[in-house]
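Here's the structure, in structure tokens; my notes come after.
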Amino acid sequence: MSPTVEDSISLPAPVLAAYSYCETVTGSEARNFAYGIRLLPVAERRAMSALYAFSRRVDDIGDGTLAPEVKADRLGATRDILDRIRDGKVDEDDTDPVAVALADAARRFPIPLGGLDELIDGVLMDVKGVTYETWDDLKLYCRCVAGAIGRLSLGIFGPAPGAPQTEKAAEYADTLGLALQLTNILRDVREDAGNGRTYLPADDLAKFGCSDGFDGPHPPAGSDFAGLVHFEVRRARALFAEGYRLLPMLDRRSGACVAAMAGIYRRLLDRIERDPLAVLRGRVSLPGHEKAYVAVRGLSGFDARQIGRQAGRRRA
């Protein structure tokens, strides 16, 4: 059973301060994510912020400028913190606010913390410079760094009244995570190239003449960059369509949260599809008022109902 608002209000002051810290991190570092979780009840929103703050710490280690061996050591230390949380060795007096908040969230919700081990494994793939020959190879990475977050979130989200909780929910959450991550990869293709990373599968790059990579505002000479982008957009749309089957399994507020976050990324994907070269000129993003509009539609249930009907038609 999910904790009540009264449970949340009666939290000890150090735990409330820890959650407040995590909410600040989430609000400043994850605008798309923050728009979605605003739609959740207080206890669930705080738990999601704790989950994000821990994940952000892992990502920041991977994205930093430290030497690979130092990054690996810090990721190992972060995994040690996760082990302490699992073993019940983190209490309100701990000096790490993210650990305090995540430990409290894990006591209150059935969060499968192993998903955070998967996230660390995925970031280690970045540290080691792993490249991806095929979509199946890239899927493994995406499942670690994004699909796992979807599955972790299921431990916090409430089920729809009468909805059976099956393994399908985890599968759909995982697939939706893949859709969001592939959208991120398309959006950040030039930025990642500047950092020496290429995530798109090598066989896709070769198919569209883009194997030389992306080091400026123009695609490789003689390439079909627009064709590559449209190919990956179609793949992402298929993942969204499959992942949206999760929505009818969630309660109204949780479904609204997922619909808002996914809706923001779908609109981002629309923009990329309309102007593929935009991702080489700079980061494609949505203005705040458009994100707020998507969030309101999610809370009203409009997007969730519409998406549910679309998923149903695809199943038929």
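Numbered continuously in full-length UniProt numbering, the sequence shown closes out at residue 316.
Where is the CB? At the ideal position from N, CA and C, for every residue including glycine.
Keep in mind the model is a prediction, meaning the values are calculated, not measured.
Are residue i and residue j touching if we call contact CB-CB under 7 Å?
i, j, result
"Pro201", "Leu280", "no"
"Ala260", "Leu39", "yes"
"Ala103", "Val90", "yes"
"Gly263", "Ala179", "no"
"Leu116", "Leu82", "yes"
"Ala105", "Ala30", "no"
"Val284", "Arg187", "yes"
Measuring alpha carbon to alpha carbon, tell me which residue in the options is nearest residue i.
i, options, result
"Gly288", "Gly213, Asn32, Leu113 and Gly222", "Asn32"
"Tyr293", "Arg267, Ala101 and Ser49", "Arg267"
"Lys128", "Leu16, Gly196 and Ala236", "Gly196"
"Phe240", "Asp137, Gly150, Glu29 and Ser223", "Gly150"
"Ser20", "Gly36, Ala43 and Lys89", "Ala43"
"Leu246", "Glu167, Met48 and Leu119", "Glu167"
"Gly147", "Met48, Arg187, Ala30 and Gly177", "Gly177"
"Ala169", "Glu133, Gly155 and Leu186", "Gly155"
"Phe157", "Glu29, Val284, Gly36 and Phe54", "Gly36"
"Asp192", "Ala18, Gly64, Ala53 and Glu273", "Gly64"
"Phe225", "Glu242, Ala236 and Ile272", "Ile272"
"Ala160", "Ala236, Glu69, Pro248 and Asp126", "Pro248"
"Ala236", "Asp212, Leu138 and Met125", "Leu138"
From residue i to residue j, what distance separates their C-alpha atoms?
i, j, result
"Ala250", "Gly209", "In the sequence on display, residue 250 carries Leu and not Ala. Rounded to whole angstroms, Leu250 to Gly209 spans 42 Å at the Cα level."
"Asp59", "Val98", "14 Å"
"Asp270", "Val258", "18 Å"
"Val233", "Pro14", "45 Å"
"Tyr141", "Arg253", "29 Å"
"Leu16", "Pro220", "51 Å"
"Ser153", "Thr26", "15 Å"
"residue 318", "Asp93", "Limits of the chain in this structure are 1 at one end and 316 at the other, which puts residue 318 out of reach."
"Tyr172", "Leu277", "31 Å"
"Gly282", "Arg190", "8 Å"
"Trp135", "Asp80", "32 Å"
"Asp174", "Pro110", "17 Å"
"Ser8", "Phe214", "Only weak support is given to the placement of Ser8: the predicted model assigns it a pLDDT of 48, under 50, and the question is left unresolved by the model."
"Phe231", "Leu182", "12 Å"
"Asn184", "Ser49", "20 Å"
"Arg86", "Ala163", "29 Å"
"Arg45", "Arg143", "23 Å"
"Ala206", "Thr131", "14 Å"
"Glu290", "Ser28", "18 Å"
"Asp275", "Glu133", "26 Å"
"Arg57", "Gly222", "40 Å"
"Gly194", "Pro41", "40 Å"
"Lys71", "Asp121", "12 Å"
"Leu286", "Tyr265", "9 Å"
Quick check on the burial criterion: 16 or more other C-beta atoms within 10 angstroms. Buried or exposed for residue i?
i, result
"Thr78", "buried"
"Gly62", "buried"
"Gly76", "exposed"
"Glu23", "buried"
"Ser55", "buried"
"Gly255", "buried"
"Leu66", "exposed"
Sorted by chain position, which residues of the same chain lie with C-beta nearer than 6 Å to residue i's C-beta, five sequence neighbours on each side aside?
i, result
"Leu228", "Phe208 and Cys210"
"Ala18", "Pro97, Val100 and Ala101"
Using a Cβ-Cβ cut-off of 8 Å (strictly less than) and excluding sequence neighbours within five positions of residue i, which residues of its own chain qualify?
i, result
"Pro12", "Glu92"
"Ala238", "none"
"Asp73", "none"
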